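Going left to right, the sequence shown walks through residues 10 to 715 as the working numbering numbers them.
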Amino acid sequence: MRRIVAGDARVWRAAAVVSAAMLALIAWQLLIPRDFYTGTNSVRGRSVVATVPPGSELCVPELSVPAGTGRVEFDVAAPAATGLVETRVRTAAGVQTGSVRDAATGSHKLAIPIGPAAPGSAAATGTVCVRPLQGPLDFRGVAGLDRDPAPLLGGRRLDGRVAVWFRPPAGKRSSLASRLDDAVDRAALFRPGIVGPWTYVLLLAVAIPALWFSAIRLLAVAPWRRPRRLMLGVTLLALVNGIVWGLITPAFDAPDEPEHFAYAQYLAETGKAPSASPDERLPLSDQQSLALQAVRIYLYQEGPDGKPPWSAAQERQWERLAAALRPPPARDNGGGATSATVHAPAYYGLLAPGYLATRGQSPFSQLEAMRLTSTLLAALVVALVFLTLAELFPRYPVAWVAGALLVAFQPMFGFMAGAVNNDMGVNAAAAGVLLLLIVALRRGLTLPVATGAGALLALAPLFKGTAYTFFVVAALAIALLVTDRERRRLTPLLAFAATFLAVELSWVLLSGFFDRDTFTTPSGDSPVQSVSILQNPTGYLSYLWQVFLPPLPFMTDLHVETFPFFHIYVERVWGAFGWIALLFPRWVYVVALAGMAATGALALVALRREWPAVRSRWREALLLAAVAIGVVMGVEAAFTTLTPRPAIAEQGRYVFTALPAYAALVVLACLAFGRRRFPTALAVAVTLVVGFSATSQLFVFTSAFA
Numbered sequence: 010m011r012r013i014v015a016g017d018a019r020v021w022r023a024a025a026v027v028s029a030a031m032l033a034l035i036a037w038q039l040l041i042p043r044d045f046y047t048g049t050n051s052v053r054g055r056s057v058v059a060t061v062p063p064g065s066e067l068c069v070p071e072l073s074v075p076a077g078t079g080r081v082e083f084d085v086a087a088p089a090a091t092g093l094v095e096t097r098v099r100t101a102a103g104v105q106t107g108s109v110r111d112a113a114t115g116s117h118k119l120a121i122p123i124g125p126a127a128p129g130s131a132a133a134t135g136t137v138c139v140r141p142l143q144g145p146l147d148f149r150g151v152a153g154l155d156r157d158p159a160p161l162l163g164g165r166r167l168d169g170r171v172a173v174w175f176r177p178p179a180g181k182r183s184s185l186a187s188r189l190d191d192a193v194d195r196a197a198l199f200r201p202g203i204v205g206p207w208t209y210v211l212l213l214a215v216a217i218p219a220l221w222f223s224a225i226r227l228l229a230v231a232p233w234r235r236p237r238r239l240m241l242g243v244t245l246l247a248l249v250n251g252i253v254w255g256l257i258t259p260a261f262d263a264p265d266e267p268e269h270f271a272y273a274q275y276l277a278e279t280g281k282a283p284s285a286s287p288d289e290r291l292p293l294s295d296q297q298s299l300a301l302q303a304v305r306i307y308l309y310q311e312g313p314d315g316k317p318p319w320s321a322a323q324e325r326q327w328e329r330l331a332a333a334l335r336p337p338p339a340r341d342n343g344g345g346a347t348s349a350t351v352h353a354p355a356y357y358g359l360l361a362p363g364y365l366a367t368r369g370q371s372p373f374s375q376l377e378a379m380r381l382t383s384t385l386l387a388a389l390v391v392a393l394v395f396l397t398l399a400e401l402f403p404r405y406p407v408a409w410v411a412g413a414l415l416v417a418f419q420p421m422f423g424f425m426a427g428a429v430n431n432d433m434g435v436n437a438a439a440a441g442v443l444l445l446l447i448v449a450l451r452r453g454l455t456l457p458v459a460t461g462a463g464a465l466l467a468l469a470p471l472f473k474g475t476a477y478t479f480f481v482v483a484a485l486a487i488a489l490l491v492t493d494r495e496r497r498r499l500t501p502l503l504a505f506a507a508t509f510l511a512v513e514l515s516w517v518l519l520s521g522f523f524d525r526d527t528f529t530t531p532s533g534d535s536p537v538q539s540v541s542i543l544q545n546p547t548g549y550l551s552y553l554w555q556v557f558l559p560p561l562p563f564m565t566d567l568h569v570e571t572f573p574f575f576h577i578y579v580e581r582v583w584g585a586f587g588w589i590a591l592l593f594p595r596w597v598y599v600v601a602l603a604g605m606a607a608t609g610a611l612a613l614v615a616l617r618r619e620w621p622a623v624r625s626r627w628r629e630a631l632l633l634a635a636v637a638i639g640v641v642m643g644v645e646a647a648f649t650t651l652t653p654r655p656a657i658a659e660q661g662r663y664v665f666t667a668l669p670a671y672a673a674l675v676v677l678a679c680l681a682f683g684r685r686r687f688p689t690a691l692a693v694a695v696t697l698v699v700g701f702s703a704t705s706q707l708f709v710f711t712s713a714f715a
């Protein structure tokens with residue numbers, strides 16, 4: 010037992026207390042009886058698809074009606090109380106009818122009981138018809154046709170899909186835990202052939218608990234292990250955690266993942282980048298379009314009640330269709346403009362080996378292979394964070410491990426590590442740049458460090474334009490080096506400049522071949538083309554102020570939301586999964602905000618307490634502060650507008666290029682408790698984040714499949 014629970018007893022005690030509280034909370038959530046869905050047609054309510062007058066009938070044909078269904082639910086809107094609404098469900102087993110008096114107004118969910126629960130043990134194909142009798146009713150869904158038969162209004166085909174959910178009879182409830190057996194079957198659909206229900210039993214029962222335990226154990230033994238073994242440990246944990254996320258997240262259900270997949274597929278198939286501006290080409294290949302129609306991603310995403318297909322029959326239907334098409338669906342006839350094609354091809358080139366290795370397999374195998382590339386880049390970020398903290402806290406291996414684990418298990422970082430998105434490419438490049446600049450400030454700028462820093466700094470924006478902030482960071486580091494007589498060396502500075510210019514010149518020569526501008530932001534503009542600090546400093550400062558604080562009397566109110574900071578840098582940093590659709594209850598984010606505020610306050614206490622050590626490393630501290638603040642300012646500069654914006658555009662994950670700086674801040678905050686209690690404080694912080702990561706994985710899994 011001592012070998013299993015080895016290391017610092019203080020770490021184990023603190024972790025045990027926090028873990029017990031979090032596990033109790035997880036168990037409570039899993040065991041609460043609650044209403045649930047027996048099935049859905051994987052359509053979410055996005056817009057009004059049909060307005061049904063009184064007495065008219067809306068029918069949705071060929072729906073899979075699950076056994077045990079006792080209610081049919083719709084997303085509706087009504088200007089006034091509708092009154093009586095009837096429904097009929099026709100299957101081979103017969104007709105079930107029901108009615109309900111709808112007294113609600115505005116947008117709401119309407120659940121209509123249909124008599125006895127649907128019999129049998131399997132879903133039955135049927136038609137659901139709805140007839141409001143006393144007032145008109147708007148039915149919501151997604152506009153546009155799909156391969157499904159169109160809904161009918163009075164016998165007339167509609168251009169859209171109506172959102173339908175199925176629930177058990179009223180009053181019947183069950184816990185999430187009792188539905189996990191169905192969830193593992195549903196999660197295994199539309200995955201690589203090797204993946205099955207057993208995979209998710211293994212993930213839930215073994216992998217996630219093992220990650221939790223291993224992270225604590227690595228922290229506990231940190232003072233007695235060699236640095237290389239510690240770095241290997243945190244890197245492997247990050248890798249496994251990213252793989253878990255990649256298998257839990259439904260296919261293509263991550264921000265713009267279909268578009269990033271399309272870019273990588275076209276580049277791998279043709280050697281060319283897709284169009285950066287609209288032209289006659291299709292945005293997606295026929296192969297990918299067929300796969301996206303099968304998983305219905307554009308019909309169910311962006312809504313918390315949207316669900317991927319749960320039926321194995323739908324997967325078999327896609328398999329039969331893909332196999333029967335002659336010629337087979339083309340993989341190389343995409344290349345049209347999408348939201349991802351404004352980017353340079355650096356990240357997508359890294360995806361090519363994974364894609365080509367699975368080229369003869371399904372798009373879902375190709376997707377998982379590409380997700381693995383993002384996971385490898387995330388593991389690299391964690392290794393670089395470990396090395397950065399080793400430079401900043403050279404006498405505290407426990408700090409190196411803790412900071413790396415805080416990044417590895419940050420829930421949104423882990424989620425994006427299991428997705429195809431160029432965020433992870435720019436995160437890795439930025440972490441590498443920051444590490445080399447910290448090394449230069451601490452030890453002096455050597456030729457290898459200068460060459461690496463110059464090359465990485467030039468490469469970083471080719472992954473994503475959010476890296477342009479690091480040009481300012483690098484300029485500050487160079488200025489600090491030049492003013493430091495002990496570390497001022499002309500030859501390495503020249504090497505840094507020469508390497509940077511060589512990479513930039515190489516891209517200038519290559520950018521024409523890929524039909525890309527030399528300098529572009531994530532929106533496709535040049536870094537100085539849109540409203541920015543340089544073009545409109547007062548407008549930028551007003552926008553930046555209003556992200557964090559209410560507008561002053563002389564300012565134009567630019568945000569609909571009262572507190573944009575909360576949505577951007579709390580919700581979207583700590584847990585906005587899927588297409589920013591799956592959110593925890595608000596109290597979770599309030600607790601996270603309190604933790605962020607406490608971390609900042611404790612960091613100030615630690616600064617005073619450890620001032621002699623901080624003063625001796627003031628250059629590194631200044632650079633980290635510039636990264637932490639500058640990245641946020643850079644994100645806001647990219648989204649500044651002078652007119653009111655109806656919805657928040659910024660994503661909190663855009664600041665993950667500064668994750669090494671934030672990890673250092675948390676480690677510093679733990680020093681506020683004194684060096685003797687330092688490991689205990691780190692254990693509490695790490696266990697909270699690791700536990701929240703596990704909670705997030707269970708939350709996404711059950712939200713999608715249970």
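No residue lacks a Cβ here, since even glycine has one placed at the ideal position from N, Cα and C.
Computed from a prediction, not measured in an experiment: that's the story for all the values here.
CB contact flag (residue i, residue j, <8 Å)
i, j, result
"Asn250", "Val173", "no"
"Gly242", "Leu227", "yes"
"Gly144", "Pro63", "yes"
"Leu291", "Asn342", "yes"
"Gly150", "Gly280", "no"
"Val517", "Gly639", "no"
"Val193", "Val137", "no"
"Leu490", "Ala449", "yes"
"Pro75", "Gly48", "yes"
"Val416", "Val390", "yes"
"Ala224", "Phe83", "no"
"Leu446", "Leu632", "yes"
Same chain, Cβ closer than 8 Å to residue i, five either side skipped, listed in chain order
i, result
"Gly79", "Pro122, Ile123, Gly124, Pro125, Ala126, Ala127, Arg176, Pro177, Pro178, Ala179 and Lys181"
"Phe505", "Leu454, Ala459, Thr460, Ala462, Gly463 and Ile487"
"Val210", "Val193"
"Ala102", "Ala127, Pro128, Gly129 and Ala133"
"Val537", "Unreliable placement is indicated for Val537, whose pLDDT of 49 sits below 50; no coordinate value is reported for it."
"Val540", "Model confidence at Val540 stands at a pLDDT of 49, short of 50, so the residue's coordinates are unreliable; what they give is reported in the following sentence. Excluding sequence neighbours, Val540 sits near Gly548, Tyr549, Thr649, Thr650 and Leu651."
"Ser184", "Leu39, Leu40, Ile41, Pro42 and Arg43"
Nearest residue (CA-CA) to residue i, options the options
i, options, result
"Pro420", "Gly369, Ala332 and Phe708", "Phe708"
"Val582", "Ala408, Thr350, Ser184 and Gly423", "Gly423"
"Leu465", "Arg498, Arg195 and Glu513", "Glu513"
"Leu365", "Pro317, Gly115, Ala273 and Leu446", "Ala273"
"Val253", "Ser712, Ala713, Phe714 and Gln706", "Gln706"
"Ala90", "Val27, Val137, Gly363 and Ser116", "Ser116"
"Pro317", "Ala331, Tyr578, Gln326 and Arg305", "Arg305"
"Arg110", "Val104, Gly103 and Lys118", "Lys118"
"Leu239", "Thr350, Ala378, Ser284 and Leu396", "Leu396"
"Val27", "Glu619, Val390, Ala713 and Leu697", "Leu697"
"Met642", "Val664, Asp262, Gly135 and Ala263", "Val664"
"Pro232", "Arg19, Pro457, Leu602 and Phe261", "Arg19"
"Arg325", "Gly202, Ala610, Arg404 and Gln310", "Gly202"
"Trp620", "Gln310, Pro560 and Ala681", "Ala681"
Neighbourhood of residue i by C-beta distance below 7 Å, restricted to the same chain and skipping five residues each side
i, result
"Gln296", "Pro338, Ala339, Arg340 and Pro372"
"Gly441", "Leu393 and Leu465"
"Pro206", "Val193, Asp194 and Ala197"
Inter-residue CB distance, residue i and residue j (contact presumed, cutoff 8 Å)
i, j, result
"Gly255", "Gly427", "3 Å"
"Glu645", "Tyr552", "6 Å"
Sequence-distant residues of the same chain with beta carbon closer than 6 Å to residue i, five excluded per side
i, result
"Ala656", "none"
"Ala630", "Val623"
"Ala703", "Ile217 and Trp221"
"Pro718", "Within the shown structure, residues of the chain are numbered from 10 to 715, placing residue 718 beyond reach of any answer."
"Phe593", "Gly584"
"Leu651", "Gly548"
Rounded C-alpha distance that separates residue i from residue j
i, j, result
"Phe522", "Gln302", "33 Å"
"Gly471", "Gln38", "It is Leu, not Gly, that sits at residue 471 in the sequence shown. For Leu471 and Gln38, the distance between alpha carbons rounds to 43 Å."
"Leu360", "Glu377", "11 Å"
"Leu146", "Val556", "38 Å"
"Arg170", "Gly163", "16 Å"
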